[in-house]
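Q: Here our numbering is used: the first residue of the sequence shown is 233, the next is one more, and so on.
Backbone N, C-alpha and C define an ideal beta-carbon position, used for all residues, glycine too.
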Amino acid sequence: MRQNRFYSDIDLSSSIDYALKAAQKYCSEDYIVERINRSNGRTDLRVKSYEASCYRSLGLLRSLYARGDSIESLRQAYLETRERLSMLEDGIQACGLEHPKIDLVHPLQISMLLALAHALGEKPQLIGRNTRAISSSCDLFVDRLLSVYDPKRPLADEIANKSVYKKLYAVFDAPAEKRPEMIARYLDEWEKLLLKNKIPGLHYPQPDHLLEEWAGYWCYPAAAVVAALNIDDSSFIDHEFYPTDLMQACAQYRGEPVILQPLQEPALPEPPKRKPKRKPAPELLAPWQPLFERMAATLPKSLQATLWNALVEWLNEEWEEEPLEAGGFLCAFSAAQWEMELLTTYRRLALLHVDWKDDESALSFCETIARTLGIEESFSPDPVTLNRPERVWEV
233 MRQNRFYSDI
243 DLSSSIDYAL
253 KAAQKYCSED
263 YIVERINRSN
273 GRTDLRVKSY
283 EASCYRSLGL
293 LRSLYARGDS
303 IESLRQAYLE
313 TRERLSMLED
323 GIQACGLEHP
333 KIDLVHPLQI
343 SMLLALAHAL
353 GEKPQLIGRN
363 TRAISSSCDL
373 FVDRLLSVYD
383 PKRPLADEIA
393 NKSVYKKLYA
403 VFDAPAEKRP
413 EMIARYLDEW
423 EKLLLKNKIP
433 GLHYPQPDHL
443 LEEWAGYWCY
453 PAAAVVAALN
463 IDDSSFIDHE
473 FYPTDLMQAC
483 AQYRGEPVIL
493 QPLQEPALPE
503 PPKRKPKRKP
513 APELLAPWQP
523 LFERMAATLP
533 KSLQATLWNA
543 LVEWLNEEWE
553 EEPLEAGGFL
563 CAFSAAQWEM
573 ELLTTYRRLA
583 LLHVDWKDDE
593 SALSFCETIA
603 RTLGIEESFS
613 PDPVTLNRPE
623 RVWEV
């Protein structure tokens, strides 16, 4: 069994074997056709059979982890679960069910599925596609978690088990720098909830007649939130209620912060001995002059004038559009810096590249910068690339 302080010698093989056989049976075509025929052609029983198969498959993942199986060895069970969820979705559509109530909205089961998907290297887009059969608008926590992968997913009005998941739900809306501490506190809270038997789906202590069905007390919902938001878990990776092995496997697919070495070049070019006279501002640049002054304020006056003249010269020669919008101004400002080598040798960037561990944090930071620069209304983020481990947003 995987190491834990509660149980060390339970034989889970019989319950795992039963779950394997049941999951295979309920999704087999022969079983489904026979069941439909016995019930006077009720085609909705196809959906019910797939639902039962998915339920067994989801529970099986937790049991295999509790038994101590390696993460890689869970791949086959994960792929079968994914296939059965796809069959369930196809069955729902084939039966013409618009808003079916599929009883799979269990945070423990779904969270294990999501965390394992990350650990096995599943792409976020595929995770969203593979979980569409799970009913929406039943549990706000589950919906918010799945909406990370499927942004169009409808959200419920309430958290189904607010006393258990309210504090974990708050992590979604917290600033990135506060999220690790919130998760750590929640893991401590998990033990208190467990010992009071407040967590649906978990029994403490496990009744004797259900010992062979014990699937662990790990806090998979916290792990799923960490994986979804790419939260730094280094401060609580060894917490006894955190599925450490599972999340260490996730780490290889998570972006690491980019840390640049200190620049060896001079901070600024040598300023001219005499302050250059500023060129007159073109009419299209006039509204942006206060913003230029703010952005160039850290430069010596002589370099400010040099940068201004480079900006005016570039606009006069290259700009053909009317009027000059926020994006155009930043582009021109960047071009002027290139002329002065501020973007090469001296690294003075107008186009700010933000490397965060998740899109939401990067976007929030960029929006704050846009407000600081006074261009909030004109701000629109451009995702430079989302298929690298890190997320890079360009303002």
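On the DSSP letters alone, give me the boundaries of the alpha helix (DSSP H) that His350 sits inside.
A: His350 -> alpha helix (DSSP H) spans Pro339 to Ala351.
Q: Which first and last residues belong to the alpha helix (DSSP H) in which Ile264 is found?
A: Its alpha helix (DSSP H) spans residues Glu261 to Arg270.
Q: Cα-Cα, which of Asp477, Glu421 and Tyr310 is closest to Glu354?
A: Per the Cα distances, Tyr310.
Q: Name the residue from Arg270, Ile264 and Tyr297 whose alpha carbon lies nearest to the alpha carbon of Tyr452.
A: Minimum Cα distance to Tyr452 is reached at Tyr297.
Q: In this structure, how does DSSP classify Gln536 when only helix, strand and coil are distinguished?
A: Gln536: helix per DSSP, three-state reduction.
Q: Assign Pro555 to one of two classes, buried (16 or more other C-beta atoms within 10 Å of its C-beta) or exposed (fewer than that).
A: When all chains shown are included, Pro555 counts as exposed.
Q: Quick one, which of Ala351, Gln357 and Lys398 has its alpha-carbon nearest Asp371's?
A: Checking every option, the nearest Cα to that of Asp371 belongs to Lys398.
Q: Have a look at Leu478, Lys509 and Asn393 and flag the residue whose alpha-carbon is nearest the alpha-carbon of Pro432.
A: The shortest C-alpha separation from Pro432 is found at Asn393.
Q: How would you write the range of the alpha helix (DSSP H) that Ser318 sits in, first residue to last?
A: Looking at the DSSP string, the run of the alpha helix (DSSP H) that includes Ser318 is Arg307 to Ala326.
Q: Only counting the same chain, and skipping five residues up and downstream in sequence, which positions put a Cβ closer than 8 Å to that of Arg278?
A: Excluding positions up to five away in sequence, the list reads Ile264, Ile268, Gly323, Ala326 and Cys327.
Q: Check Leu419 in the structure and name its three-state DSSP category.
A: Note: Leu419 maps to helix in three-state DSSP.
Q: Go through its chain and collect everything with a Cβ distance to Ser379's Cβ below 8 Å, but skip five positions before and after it.
A: Excluding residues within five positions, the ones whose Cβ falls inside 8 Å are Arg385 and Leu387.
Q: Here's a check: name, in chain order, each residue in its chain whose Cβ is nearer than 7 Å to the Cβ of His338, leaving out the five neighbours to either side.
A: Cβ within range, chain order: Gly433.
Q: Counting C-beta neighbours from all protein chains within 10 Å, is the total for Trp540 16 or more, i.e. buried, or is it exposed?
A: Buried, by the Cβ-count rule.
Q: Between Gly300, Asp335, Gln536 and Ser343, which has its C-alpha nearest Ser369's C-alpha?
A: Among Gly300, Asp335, Gln536 and Ser343, the Cα nearest to that of Ser369 belongs to Asp335.
Q: For Tyr474 and Val403, I'd like the C-alpha separation in whole angstroms.
A: C-alpha separation (whole angstroms): 16 Å.
Q: Assign Trp570 to buried or exposed, taking buried as 16 or more other Cβ atoms, counted over all protein chains shown, within 10 Å of its Cβ.
A: Result: exposed.
Q: Straight-line CA distance for Val616 to Tyr250?
A: Any answer about Val616 is weak, because its pLDDT of 44 lies below 50 and its placement is not dependable; what the coordinates show is given next. Straight-line Cα distance between these residues: approximately 48 Å.
Q: If we ignore side chains and look at the alpha-carbon of each, how far apart do Val627 and Gly291 end up?
A: Summary for Val627: the model assigns pLDDT 39, below 50, so the residue's position carries little reliability, and this model does not support an answer.
Q: Considering only residues of the same chain and omitting the five flanking positions on each side of Ala455, which have a CB-CB separation below 7 Å?
A: So the qualifying residues of the chain are Ser343, Ala347, Tyr474, Pro475, Leu478 and Met479.
Q: Quick check: what's the CA-CA separation for Ala255 versus Ile469?
A: Each residue's Cα considered, the two are about 32 Å apart.
Q: Can you say whether Asn272 is buried or exposed, counting buried as having 16 or more other CB atoms within 10 angstroms of its CB?
A: It is exposed - the Cβ of Asn272 has fewer than 16 other Cβ atoms within 10 Å.
Q: Quick check: the Cα distance between Asp440 and Pro407, rounded to an integer number of angstroms?
A: Roughly 44 Å separates the two Cα atoms.
Q: What's the call for Asp375, buried or exposed, on a 16-neighbour Cβ count within 10 Å?
A: So Asp375 counts as buried.
Q: Keeping to the same chain, check which residues put their C-beta closer than 6 Å to that of Asn236; ignore five residues upstream and five downstream.
A: Correct list: empty, nothing qualifies.
Q: Below 9 Å between beta carbons: does that hold for Leu358 and Thr313?
A: Cβ atoms of Leu358 and Thr313: not closer than 9 Å.
Q: To the nearest angstrom, how far is it from the Cα of Tyr239 to the Cα of Lys430?
A: Rounded to whole angstroms, Tyr239 to Lys430 spans 20 Å at the Cα level.
Q: For Ser247, which residues in the same chain have their Cβ closer than 8 Å to its Cβ, ignoring the five residues on either side in sequence?
A: Excluding residues within five positions, the ones whose Cβ falls inside 8 Å are Ser295, Glu444 and Glu445.
Q: Do you know whose CA, among Ser566, Ala365 and Gly300, lies nearest Met319's CA?
A: Nearest of Ser566, Ala365 and Gly300 to Met319, Cα basis: Ala365.
Q: Measure the alpha-carbon distance for Val458 versus Glu261 and round it to whole angstroms.
A: Computed Cα separation, rounded: 38 Å.
Q: For Asp243, I'd like the list of residues in its chain whose CB is within less than 7 Å of its CB, leaving aside the five on either flank, ordered along the chain.
A: Here the set comprises Glu444.
Q: Apart from the five residues on each side of it in sequence, which residues of its chain come closer than 7 Å, Cβ to Cβ, to Leu426?
A: Counting only Cβ-Cβ distances below 7 Å, and skipping sequence neighbours, we find Leu434, Tyr436 and Tyr449.
Q: Note down the Cα distance separating Glu390 from Val396, rounded to an integer number of angstroms.
A: Each residue's alpha carbon lies about 13 Å from the other.
Q: Can you tell me whether DSSP reads Gly433 as helix, strand or coil?
A: Correct three-state label for Gly433: coil.
Q: Under the assumption that Arg316 contacts Cys286 (Cβ atoms under 8 Å), give the Cβ distance between them as a whole number of angstroms.
A: So it is a contact: roughly 5 Å between Cβ atoms.
Q: Whose C-beta lies closer than 8 Å to the C-beta of Gln493 among residues of the same chain, with five residues either side of it excluded?
A: The pLDDT assigned to Gln493 is 47, lower than 50, so where the model puts this residue is not dependable, and the model offers no usable value.
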